[in-house]
Each structure stands twice: as structure tokens, then as C-alpha cells.
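Peer 1: Numbering (UniProt numbering), first residue to last: 1 to 341. Yeah, the Cβ is synthetic: ideal placement off N, Cα and C, and Gly gets one too.
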Amino acid sequence: MSVTPQQDVPFPHWEAELDSPSLQGNMATDISRDRPSKDAVQRLMKTFLKENSSYDVLPVSYRLIVLDTKLLVKKALAVMMQNGVVSAPLWDAEAHHFAGMLTVSDFINLIQYYYTHSSVESALQDIDTFQIQHMRMVEKTIGAPPRQLLSIHPMSTLYDACKLLVESRSHRIPLIDRDSATGQELIASVLTQHRILRFIAMNFKHTRCLVQPLSELRIGIYENLATAKLSTPVIQVINMFVERKISSVPIVDDRGAVLNVYETVDVMSIARSQKYHELDIPVGQALQARPADYPGVHTCTLNDTLASIFAIIRKRKVYRLIVIDGDNKLKGIVSLSDILR
Ligand code: AMP
Numbered sequence: 001m002s003v004t005p006q007q008d009v010p011f012p013h014w015e016a017e018l019d020s021p022s023l024q025g026n027m028a029t030d031i032s033r034d035r036p037s038k039d040a041v042q043r044l045m046k047t048f049l050k051e052n053s054s055y056d057v058l059p060v061s062y063r064l065i066v067l068d069t070k071l072l073v074k075k076a077l078a079v080m081m082q083n084g085v086v087s088a089p090l091w092d093a094e095a096h097h098f099a100g101m102l103t104v105s106d107f108i109n110l111i112q113y114y115y116t117h118s119s120v121e122s123a124l125q126d127i128d129t130f131q132i133q134h135m136r137m138v139e140k141t142i143g144a145p146p147r148q149l150l151s152i153h154p155m156s157t158l159y160d161a162c163k164l165l166v167e168s169r170s171h172r173i174p175l176i177d178r179d180s181a182t183g184q185e186l187i188a189s190v191l192t193q194h195r196i197l198r199f200i201a202m203n204f205k206h207t208r209c210l211v212q213p214l215s216e217l218r219i220g221i222y223e224n225l226a227t228a229k230l231s232t233p234v235i236q237v238i239n240m241f242v243e244r245k246i247s248s249v250p251i252v253d254d255r256g257a258v259l260n261v262y263e264t265v266d267v268m269s270i271a272r273s274q275k276y277h278e279l280d281i282p283v284g285q286a287l288q289a290r291p292a293d294y295p296g297v298h299t300c301t302l303n304d305t306l307a308s309i310f311a312i313i314r315k316r317k318v319y320r321l322i323v324i325d326g327d328n329k330l331k332g333i334v335s336l337s338d339i340l341r
């Protein structure tokens with residue numbers, strides 16, 4: 001189905017939606033004069049997600065990098081970096097089927113494996129011959145769970161895709177179709193949290209109604225945050241990613257003010273430069289190896305609303321917002337996972 005991009009309609013625009021037959025019923029009683037109730041907006045959102053398919057989210061033209069499981073990890077990494085992607089679907093050419101996703105988690109596994117189980121010399125020798133399909137051995141050795149084989153059909157509803165992403169705590173999900181003549185699997189694309197939320201931000205007409213501030217909504221995390229100092233060794237931050245199943249760690253000073261954020265994607269630079277023996281360096285030093293096009297840290301305050309967050313998602317490639325107070329002190333984190341949930 002096609003969706004008309006959101007126009008700049010004056011708030012409150014939701015009143016017009018009451019005319020929509022699929023949204024009638026007791027909606028009107030839920031909506032106060034000034035703003036729709038949370039239940040009403042939730043129902044509008046659910047209807048929107050059920051009326052759109054995963055396919056609708058895909059751009060008209062796009063590039064998809066698919067990697068053969070026999071490819072050397074070193075080459076895979078180079079291809080990913082050259083193409084500016086941090087994950088890629090895998091194809092088993094012998095069995096002719098989709099074989100999961102290669103993501104930054106695999107590179108974290110590799111780093112942990114070399115740090116704990118191998119000498120630097122043998123690591124550097126291994127990496128020249130190591131194929132993607134050997135990653136299972138790495139997972140087993142370090143006790144990591146095996147790669148997930150989650151996928152969804154491109155014509156599945158966006159609602160089902162979001163549900164699967166939330167339930168599996170995944171950041172992306174491959175869209176797999178079947179060739180009608182041969183029955184063989186076809187990798188159509190990969191749906192990411194960011195693509196879905198951007199689609200919602202562009203097309204859901206009611207994002208402006210999401211006017212409750214974060215202080216009331218409390219989406220995200222505000223307690224027991226994993227943080228580091230500039231002097232914390234990189235390996236400790238990497239261990240936090242794995243133990244807490246998180247994709248970023250804010251770097252704070254002694255007052256708790258946010259200085260930076262170390263992200264799982266930063267690990268790609270370590271893997272690329274093969275600096276497995278430099279994992280004890282302070283995270284502040286590791287951050288200097290960031291590519292020049294790093295988009296920066298995005299912050300917000302507890303006064304921000306989902307409407308203002310969606311406005312940022314519309315314009316920028318953000319993966320999370322760091323919640324700060326007026327003194328730049330860390331208050332919390334709102335990840336795309338939290339918004340999707
Ligand atoms: P993410 O990996 O960014 O999708 O986050 C997964 C979940 O962990 C979300 O509920 C986040 O709010 C939470 N989270 C993200 N970063 C941190 C952190 N540094 N400390 C504690 N929880 C976090």
C-alpha cells in the first residue's frame with residue numbers, strides 16, 4: 001500500500017482521523033479537547049502498523065550487501081566498512097539458503113575470543129584464513145549464543161515485524177521471500193529499527209499528538225546505567241556490551257556530565273585495524289580512532305516528547321538519545337528499542 005508522507009498540518013490534526021471508518025467506535029470518548037488520550041494514540045498507531053507492510057518501508061531503490069559464508073572475515077569486514085554498513089545477511093551457497101546476519105556482535109565475539117583465548121601472534125595469523133562460517137566455533141568457545149536465524153516475509157505487516165524485533169531484542173530483521181518457480185529463498189532486504197521509526201516519523205499523521213514529555217512517559221532507562229570514564233579500558237566497555245546486552249555506554253566525567261558515548265559500532269574500527277592487543281587502552285584514546293564522518297552524540301532532556309524525538313529521527317540517523325539535565329549530567333538513555341517497544 002502507498003502512504004502519503006506527513007504534511008505540515010497544524011496540531012491538532014488527529015480530529016480529522018475520527019472520520020476514518022476503521023477508527024470509529026468509542027474513539028471520540030477517548031479524546032479530550034486538547035490532546036488525544038494515550039489509548040487513542042496507541043490504537044491509531046496499531047492500525048497504522050497493521051495497514052502497512054514491511055515492504056512499504058523499503059526505499060524505491062536500494063543496495064543490499066549479501067555475504068557468502070565462505071568469505072574471509074577480514075574481507076567481509078573490509079566490504080562492510082567500504083559500503084558503510086554495520087551488518088549484512090549471509091548466504092550459504094552450498095545449501096542455497098539464508099544463513100543469518102553478520103553483525104557487530106560477531107566482531108565483539110571475535111575480539112573477546114582473541115583477548116581471552118589466543119595470543120596476538122596467532123590471532124593475526126588466524127585472521128588471514130578465518131571464514132565467516134568459522135564464527136560458530138568462536139561463539140562456542142566463548143560461550144556466546146548461536147547466531148539467530150530470525151526472518152520475516154516482506155509482505156508481513158509492519159506490526160508483526162515490530163513485534164518480532166521487540167520480542168527478539170533485535171535491531172534488524174531480514175526480509176526473506178521465496179522464488180515461486182524454484183522455491184529457493186531470496187533475501188529481499190533488511191528492516192532496521194531506524195528504518196521503521198523513520199517511516200513512522202514520516203507517515204504516521206499523529207506523531208504530533210505524542211505530546212507527553214519523557215518525564216511522564218518514562219520510556220528508556222533511568223537507573224542502573226552502565227557508564228564508563230575516559231580512563232576505563234576498552235575491553236571493560238566491550239564486556240559491558242556483552243554482559244548487559246546493550247549497544248552503547250555513555251562516557252562521563254567525575255561529576256556525571258556526559259563527555260561522549262562508546263558504541264558497539266566503534267568495535268568495528270578495532271576489528272578492522274586488527275588492534276586486538278590494544279584492548280587495554282583507555283576508551284578515551286580508542287575514541288580518537290573514530291571515522292571523521294561520525295555523526296556525533298544526540299542528547300535530549302526529560303522535557304522532550306515523543307513528537308520531538310520523532311522529528312529528530314525524521315532528519316538524522318540516530319540510534320539513541322542520551323537524556324541529560326541542564327548541567328549536561330546523565331539522566332538516562334532512550335534507545336530506538338525503547339521507542340519501538
Ligand atoms: P539498545 O542495545 O540500545 O537497543 O538498548 C537495549 C536496552 O538496554 C534498552 O532498553 C536501553 O534503554 C537499555 N540500555 C541501553 N544502553 C544502556 C546502558 N548504557 N546502561 C543500561 N541500559 C542501557
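Short of 6 Å in beta carbon distance, which residues of its chain neighbour arginine 147, apart from the five on each side in sequence? Order them along the chain.
Peer 2: So the list reads Gly100, once near-sequence residues are dropped.
Peer 1: Identify which residue in Ala40, Asp92 and Gln212 has its Cα closest to the Cα of lysine 70.
Peer 2: It is Asp92.
Peer 1: Would you kindly work out how many angstroms separate the C-alpha atoms of alanine 181 and proline 154, rounded to a whole number?
Peer 2: Cα to Cα, the separation comes out at about 18 Å.
Peer 1: On the CB-based measure, 16 or more other CB atoms within 10 Å of its CB, does isoleucine 333 come out buried or exposed?
Peer 2: With 16 or more other Cβ atoms within 10 Å, it is buried.
Peer 1: Run through DSSP, which three-state label would serine 189 get?
Peer 2: Serine 189: strand per DSSP, three-state reduction.
Peer 1: By a C-beta neighbour count over all protein chains shown, 10 Å radius and 16 as the cutoff for buried, is threonine 116 buried or exposed?
Peer 2: With fewer than 16 Cβ atoms within 10 Å of its Cβ, threonine 116 is classed as exposed.
Peer 1: Below 7 Å CB to CB, which residues in the same chain sit around histidine 97 once its five sequence neighbours on both sides are set aside?
Peer 2: Glu185.
Peer 1: Count Cβ pairs between the stretch 189-201 and the stretch 280-298 that sit closer than 8 Å; are there 3 or more?
Peer 2: The answer is no - the stretch 280-298 does not touch the stretch 189-201, with fewer than three Cβ pairs under 8 Å.
Peer 1: Quick one: residues in its chain with C-beta nearer than 8 Å to the C-beta of methionine 268, no 5 flanking neighbours on either side, listed in chain order?
Peer 2: The residues are Leu77, Met80, Met81, Val86, Val104 and Phe107.
Peer 1: Check whether the Cβ of alanine 307 lies closer than 7 Å to any heavy atom of the ligand AMP, and answer yes or no.
Peer 2: The answer is no for alanine 307.
Peer 1: Where do the ends of the beta strand (DSSP E) carrying tyrosine 262 lie?
Peer 2: Looking at the DSSP string, the run of the beta strand (DSSP E) that includes tyrosine 262 is 258-263.
Peer 1: Let me confirm a value: methionine 135 is counted as buried when at least 16 other C-beta atoms fall within 10 Å, else exposed. Which label applies?
Peer 2: So methionine 135 counts as buried.
Peer 1: Please classify proline 250 as buried or exposed, where buried requires at least 16 other C-beta atoms within 10 Å of its C-beta.
Peer 2: By the neighbour-count rule (16 or more Cβ atoms within 10 Å), proline 250 is buried.
Peer 1: Our contact map puts residue 342 next to phenylalanine 310 with C-beta atoms below 8 Å; I'd like the distance itself, whole angstroms only.
Peer 2: Since the first and last residues shown for the chain are 1 and 341, residue 342 lies out of range.
Peer 1: By a C-beta neighbour count over all protein chains shown, 10 Å radius and 16 as the cutoff for buried, is leucine 149 buried or exposed?
Peer 2: So leucine 149 ends up on the exposed side.
Peer 1: Does any CB atom of chain C fall closer than 8 Å to the CB of tyrosine 114?
Peer 2: Among the chains of the structure shown, chain C does not appear; only one protein chain is present.
Peer 1: Compute the minimum distance between the beta carbon of proline 146 and the heavy atoms of the ligand AMP, and state whether it is under 7 Å.
Peer 2: No; taking the cut-off as 7 Å, the Cβ of proline 146 has no heavy atom of the ligand AMP nearer than that.
Peer 1: Just the Cα atoms here: how many angstroms apart are aspartate 179 and isoleucine 219?
Peer 2: The alpha-carbon atoms of aspartate 179 and isoleucine 219 are separated by roughly 41 Å.
Peer 1: Counting pairs of Cβ atoms below 8 Å between the stretch 255-268 and the stretch 230-246, do you hit three or more?
Peer 2: Segments in contact, yes.
Peer 1: In three-state DSSP terms, what is valine 79?
Peer 2: Looking at valine 79 - three-state DSSP - the assignment turns out to be helix.
Peer 1: If you draw a straight line from the alpha carbon of leucine 336 to that of arginine 172, how long is it in whole angstroms?
Peer 2: In a straight line, the C-alpha of leucine 336 is about 11 Å away from that of arginine 172.
Peer 1: Would you identify the three-state DSSP class for phenylalanine 130, choosing helix, strand or coil?
Peer 2: Correct three-state label for phenylalanine 130: coil.
Peer 1: CB of valine 267 to nearest heavy atom of the ligand AMP: below 7 Å?
Peer 2: False, no ligand heavy atom lies under 7 Å from that Cβ.
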